[in-house]
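S.K.: Residue numbers (the working numbering): 5 to 285.
(1) Using the rule of at least 16 other Cβ atoms within 10 Å of the residue's Cβ for burial, across every protein chain shown, is residue 214 buried or exposed?
(2) Drop a sphere of 10 angstroms on the beta-carbon of residue 50, count the other beta-carbons inside from all chains shown, and report buried for 16 or more, exposed for fewer.
(3) Excluding sequence positions up to five away, which residues of its chain have a Cβ less than 6 Å from the Cβ of residue 164?
(4) Could you give the first and the last residue of the continuous alpha helix (DSSP H) run that contains residue 117?
(5) In chain order, what residues of the same chain have a beta carbon less than 6 Å from the beta carbon of residue 223, not counting five sequence neighbours either side?
(6) Report the residue from 239, 54, 219 whose alpha carbon sits nearest the alpha carbon of residue 12.
(7) Report yes if the C-beta distance between residue 81 and residue 150 is below 8 Å; otherwise report no.
(8) What's the gap between the Cα of residue 157 and the Cα of residue 167?
(9) Which same chain residues, not among the five before or five after residue 181, have their C-beta less than 6 Å away from its C-beta?
(10) Out of curiosity, what's the CA-to-CA distance linking residue 171 and residue 43?
(11) Spatial neighbours of residue 216 within its chain, please: C-beta separation below 7 Å, excluding the five flanking residues on both sides.
(12) In angstroms, rounded to a whole number, what distance separates the CA positions of residue 162 and residue 36?
(13) If we ignore side chains and look at the alpha-carbon of each, how far apart do residue 74 and residue 160 end up?
(14) Please list, in chain order, all residues of the same chain as residue 169 whose beta carbon is under 6 Å from its beta carbon, the five residues on each side excluded.
(15) Would you give the residue range spanned by the alpha helix (DSSP H) that residue 268 belongs to?
(16) Are residue 260 and residue 274 close, meaning C-beta to C-beta below 8 Å?
(17) Just to confirm, is the Cβ distance from residue 192 to residue 60 under 8 Å?
(18) Rank 197, 77, 250, 277 by C-alpha distance to the C-alpha of residue 33 and give the top, closest one.
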């Protein structure tokens, strides 16, 4: 297994090779980098426009759906209007004339002295005209409802058209972004073809450098772990050695103390050991 230092040297050599390839082909790599940045921006711009187009299409569809619903109601009311018009024989002009004639006849009956027969005759005529007017009022009501619904329909159509124009405009802009994207991809392809083997060499050098670096990190981590274990083992050994040494010194101090009591003359080192490690009880 290669050592960490060997891997570090190899990794540094590969990184140096990567830098040399980039330096030797700097203008081309810079151009590719710039084009990639533009591609990222164009993708973002295009995708945002497409998302907006999707949102607007949903909005336009809702307007069209509302338009279809109101159009169905208009068709129903148109049939009702035509039926009433056919039944009453009243059109808009007739309705206005009838209103005028009723007012005129009513005023005439109130202001003129008539025979009983004539008065009854005219009042019967007035009732017939008012009955016709009532039918005309129903017709006018349907006409008014139709007018309101046509107004709503025009509003829905207007909004749908407005949204459609936005969709068309955004679609053109999105298409422009897409064409620019394709153009930049083509430029990058041409630059890479110009670079030729340099691109493959760069990819391989980067890949190899990354692999060596990963192995280097693994070995360094393993070495550090082993060093830590060794240090812990050393500390434990030193601790045990210290405990053992103290035990031996205490025994020696006890022996020296016994010898001292028996009258043996101790040297300075023995006196220090006895004073430091001899039992106190």
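For every residue, glycine included, the Cβ atom is placed at its ideal position computed from N, Cα and C.
M.R.: Checking against the coordinates, here is how it stands:
(1) Residue 214 is exposed by the Cβ-count criterion.
(2) Classification of residue 50: buried, given that the 10 Å Cβ count is 16 or more.
(3) Setting aside the 5 residues that flank it on each side, residue 164 is surrounded in the same chain by 64, 67, 68, each with a C-beta closer than 6 Å to its C-beta; the list follows chain order.
(4) Premise fails: residue 117 is in no alpha helix (DSSP H) and is neither H nor E.
(5) So the list reads 8, once near-sequence residues are dropped.
(6) Looking at the Cα atoms, 219 is the closest of the given residues.
(7) Their beta carbons are under 8 Å apart, which means residue 81 touches residue 150 by this criterion.
(8) CA-CA distance, residue 157 to residue 167, rounds to 15 Å.
(9) Closer than 6 Å at Cβ, skipping near neighbours: 46, 49, 50.
(10) A direct Cα-to-Cα measurement between residue 171 and residue 43 gives close to 23 Å.
(11) For residue 216, where only same-chain residues beyond five positions count, the Cβ hits under 7 Å are 11, 14, 15, 18.
(12) Distance between the alpha carbons of residue 162 and residue 36: 47 Å.
(13) Looking at the two C-alpha atoms, the distance is approximately 9 Å.
(14) Excluding residues within five positions, none has a Cβ falling inside 6 Å.
(15) Counting along the chain, residue 268 sits inside no alpha helix (DSSP H), nor does DSSP assign it H or E at all.
(16) Contact check for residue 260 against residue 274 passes: the beta carbons are separated by less than 8 Å.
(17) No, the Cβ-Cβ distance between residue 192 and residue 60 is not below 8 Å.
(18) Checked all of 197, 77, 250, 277; the closest Cα to residue 33 is 197.
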